[in-house]
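The working numbering applies: residue -2 is where the sequence shown begins, and numbers increase by one.
We treat Cβ as the ideally placed atom computed from N, Cα and C, and that holds for glycine.
Quantities reported herein were computed from a predicted structural model and do not represent experimental measurements.
See below for the structure under consideration.
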Amino acid sequence: RHCTDIICCVIFIVVILGYIALGIVAWVHGDPRKVIYPTDSYGQFCGQKDTLNENKTILFYFNILKCASPIVLINLQCPTTQLCVSKCPDRFATYTDVQASYRYRPDQWNYFRQFCKPGFNNPRKSVAQVLRDEDCPSMIVPSRPFLKRCFPDFSTKNGVLTVANQTTFKDGRGKTRNVTDLREAANGINNVLDARSVGMKIFEDYAISWYWILIGLFIAMVLSLLFLVLLRFTAGFLFWIFIFGVIGIIGYGIWHCYWEYDHLKGIPGSDLTVYDIGFQTDFKVYLQLRQTWLAFMIILCGVEVIIILMLIFLRNRIRIAIALLKEGSRAIGYIMSTLFYPIVTFLLIAICISYWAVTAVFLATSGEPVYKVMANQTLCKYANLTCDPETFNTTNVTKLCPGAQCTFAFYGGESLYHKYIFIFQLANAFVFLWLVNFAIALGQCTLAGAFASYYWAYRKPADIPLWPLFSSFGRAIRYHTGSLAFGALILAIVQLIRVILEYLDHKLKGTQNSFTRFLLCCLKCCFWCLEKFLKFINRNAYIMIAIYGKNFCTSAREAFFLLMRNVVRVAVLDKVTDFLLFLGKILVAGGVGVLAFFFFTQRIPVFAQEVPVLNYYWVPLLTVIIGSYLVAHGFFSVYAMCVDTLFLCFCEDLERNDGSTAKPYFMSASLHRILGKKKLSPKKA
-2 RHCTDIICCV IFIVVILGYI ALGIVAWVHG DPRKVIYPTD SYGQFCGQKD
48 TLNENKTILF YFNILKCASP IVLINLQCPT TQLCVSKCPD RFATYTDVQA
98 SYRYRPDQWN YFRQFCKPGF NNPRKSVAQV LRDEDCPSMI VPSRPFLKRC
148 FPDFSTKNGV LTVANQTTFK DGRGKTRNVT DLREAANGIN NVLDARSVGM
198 KIFEDYAISW YWILIGLFIA MVLSLLFLVL LRFTAGFLFW IFIFGVIGII
248 GYGIWHCYWE YDHLKGIPGS DLTVYDIGFQ TDFKVYLQLR QTWLAFMIIL
298 CGVEVIIILM LIFLRNRIRI AIALLKEGSR AIGYIMSTLF YPIVTFLLIA
348 ICISYWAVTA VFLATSGEPV YKVMANQTLC KYANLTCDPE TFNTTNVTKL
398 CPGAQCTFAF YGGESLYHKY IFIFQLANAF VFLWLVNFAI ALGQCTLAGA
448 FASYYWAYRK PADIPLWPLF SSFGRAIRYH TGSLAFGALI LAIVQLIRVI
498 LEYLDHKLKG TQNSFTRFLL CCLKCCFWCL EKFLKFINRN AYIMIAIYGK
548 NFCTSAREAF FLLMRNVVRV AVLDKVTDFL LFLGKILVAG GVGVLAFFFF
598 TQRIPVFAQE VPVLNYYWVP LLTVIIGSYL VAHGFFSVYA MCVDTLFLCF
648 CEDLERNDGS TAKPYFMSAS LHRILGKKKL SPKKA
């Protein structure tokens, strides 16, 4: 053995050091509080501890009617003063009325001034000056907090939109307006906050259900480990249980969809189509439609039919694959430590994901508060220009653009660091993909080395080396870090290109250029195929690296041509085995998913009181299902790697040996009966 792909190893180490430096710089400049807390017009956080706004957790808009302006969509800011308050208004009131009665109704003034600028307590100041300087809002309306922002408390009475049972209100400027104006204003800013509203609700659901999600993932891990241990003794029986279990779970899904479809029959509004109601942020609305459950039922029926047909036509090959898995079970039985190696891969990937996510958040929240001129007048030449709130009132902007305000816009900066934050985010994503692929490659090479030591042991288990898994891991790290990094780099580049193509496709969805859309579609398809091909080549290249210790390119070439010379065996055995293991993953994910569904929908009486109150119950449910599948994938990948390694070793064994006394086969007699045709020569004692 000798070190392979040394140049790539050095580059990989340098990139890791640079990645650590990028994280440190992002940590210094970033501030995640900018994501958690809303920000007022002075760039201060609402609800931040140990500040004047500690007990003021909600953002209040002085004149929400201005939020109906198109400038909201341009600047992503409502052009009115915004303050942090402890609670939203609960009544209609105007500054004009409050000022006129403050002498004999001081309680009304004391209530109203909590929505004025901090420190303002001069009811004798003229109304015109107060409104000009925006010391106080011209009016307040009954509101309720939504996304930590005060929005009018809308309700419908006899089909008529109302606020606090009123259809009109005074705007404090001498006009009586309809509450529909408030709806238009609220919709104006909701268009900006709509996506964030879903994101915040999802974040809240994760915050109160994370421990139940972890319990679900732990159950998936236990089930996966249990199945792997049982496969050592009852591979065939358990895999048929897997197959019928998946069929049963999908069958239950079909029955449940039909039950929901039939249960909604006759309920008003249930016969509407998805097209009729359009996009809704409350996804529960879609579950009240019969069409939704009918679509689910049709999809599940299609999946059920496809699985059954595949089982019918591939039944003989499935029996062959099960026999190969039993040989893999025997190998794992001799090297039981391989069952727990996926935990190492899982921890490495979890570290990569955590570091990437934290770095991305700190990069996104880097920068100082940037203030811009917000003006209602479309002809104001200073609109959208940066300004300084401390000196704004001394400039001519307020004279040339009456009503203009210098308000907080976003976080940014003009330094070299802030100009290249987007590039840093791309670098963060690229190195993340590289590290994740390296962690996967390290696991594949380590497992392949351990299972190869089993296959090439002439007398099993006597000739199997001591601690084969640890020895294989040591060889992979000591000699082949460069080769593993090289393979991971190629895959990461392709994956980054796919991410960029998806981003461009999302941005160009509204374009009318058919050629551009066609070209993007072709590129996405080509790079998807390329990624799948590279994963297949890399996987087998790592097996050859573990066996012979050659560099990545040589190993990839030899593995590719070896598989091409045995292409029929690859198609029949390797892929059928992958299919069976995939069914096992589906069973684990489906079983845990059904359990999570009954739990989060409060259908398990014993735990009904423990279920957290959620905005969307599908958020933890999907997380548990996807997470369970990934956990099962990690553990079942041990079996997949074992079968792939034994199969490649078998092909190499057939080509290098002929079963004679001089060149005996290293395969076991049972494996020879499964895949070979020649008689196995008697082994030397």
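Item	Value
Would you check if the distance between the CB atom of L444 and the CB atom of M638 is smaller than 8 Å?	yes
Under 8 Å, do V466 and T342 count as touching if we go by C-beta distance?	In the sequence as displayed, the identity of residue 466 is Leu instead of Val. Result no, Cβ atoms of L466 and T342 do not sit closer than 8 Å.
Buried or exposed: which applies to F448, given that a residue is buried once 16 or more other Cβ atoms fall within 10 Å of its Cβ?	buried
Short of 8 Å in beta carbon distance, which residues of its chain neighbour K532, apart from the five on each side in sequence? Order them along the chain.	L488
When the Cα atoms are used, what is the spatial distance from V608 to L592?	13 Å
At the level of alpha carbons, what is the spacing between A459 and Y452?	12 Å
Hey, quick one: how far does the alpha helix (DSSP H) through T443 stretch, first residue to last?	I418 to Y452
As a quick exercise: from G27, D28 and C43, pick the residue whose alpha carbon is nearest that of Y34.	C43
Apply the 10 Å Cβ neighbour rule to A586 and answer buried if 16 or more other Cβ atoms are within range, or exposed otherwise.	buried
Just to confirm before moving on: does the CB-CB distance between F89 and V127 stay below 8 Å?	no
How is H215 classed by DSSP in three states: helix, strand or coil?	First, the residue type needs correcting, since residue 215 is Phe and not His in the sequence shown. The answer is helix: DSSP assigns F215 an H, G or I state.
Apart from the five residues just before and just after K676, which ones in its own chain have a Cβ nearer than 6 Å to its Cβ?	Legend: pLDDT at K676 = 45, less than 50; position of this residue unreliable, value from coordinates given subsequently. Contacts found: none.
Do you know whose CA, among N119, K53, C85 and L322, lies nearest R100's CA?	N119
For the segment 513 to 531 against the segment 40 to 54, do three or more pairs of beta-carbon atoms, one drawn from each stretch, fall closer than 8 Å, so that the two count as touching?	no
Considering only residues of the segment 316 to 382, which uninterrupted beta strand (DSSP E) runs meet the minimum length of 3 residues and lie entirely inside it, listed in chain order?	365 to 371
From the DSSP output, which residues share a beta bridge with C147?	P142
Examine the Cβ distances between the segment 430 to 443 and the segment 475 to 486 and report whether three or more of them are shorter than 8 Å.	yes
What does the Cβ neighbour count give for P617, buried or exposed, with the cut at 16 atoms within 10 Å?	buried
Which residue or residues does DSSP assign as beta-bridge partners of M136?	T91
Any idea if W209 is buried or exposed, counting beta-carbon neighbours within 10 angstroms, 16 or more meaning buried?	buried
Taking the C-alpha atoms as reference points, what is the distance between Y331 and K323?	13 Å
Take F239 and list the residues in its own chain whose beta-carbon comes closer than 6 Å to its own, dropping the five residues that flank it on each side.	L580, G581 and L584
Alpha carbons only, please: which of Y258, I315, G263 and R312 is nearest the one belonging to Q703?	For the chain, the structure presents residues -2 to 682; residue 703 sits outside this window and is missing.
Just to confirm, are N612 and K122 a CB contact at a threshold of 8 Å?	no
Could you tell me which uninterrupted alpha helix (DSSP H) segments, each at least 4 residues in length, are contained entirely in the segment 547 to 601, listed from first to last along the chain?	549 to 561 and 572 to 597
Give the range of the alpha helix (DSSP H) segment to which V7 is assigned.	I3 to H26
Which residues mark the beginning and the end of the alpha helix (DSSP H) in which C519 is found?	S511 to Y545
Give a yes or no on whether the C-beta atoms belonging to L360 and Q422 are separated by under 8 Å.	yes
Distance check for T36 and V189, CA to CA, integer angstroms please.	For V189, the pLDDT reaches just 47, beneath the cut-off of 50, and the residue's location in the model is therefore unreliable, although a value from the coordinates is still provided. Answer to the nearest angstrom: the Cα atoms are 15 Å apart.
What's the C-alpha gap between W106 and V95?	6 Å
Which of the three DSSP states, helix, strand or coil, is assigned to I55?	strand
Looking at the strands, I want to know which residues DSSP matches up with R174.	F166
Which term fits E649, buried or exposed, when burial requires 16 or more other beta carbons within 10 angstroms of its beta carbon?	buried
To the nearest angstrom, how far is it from the Cα of H(-1) to the Cα of R475?	9 Å
Could you please give the first and the last residue of the uninterrupted beta strand (DSSP E) stretch that includes Q105?	Q105 -> not in any beta strand (DSSP E); alpha helix (DSSP H) instead, spanning P103 to F109.
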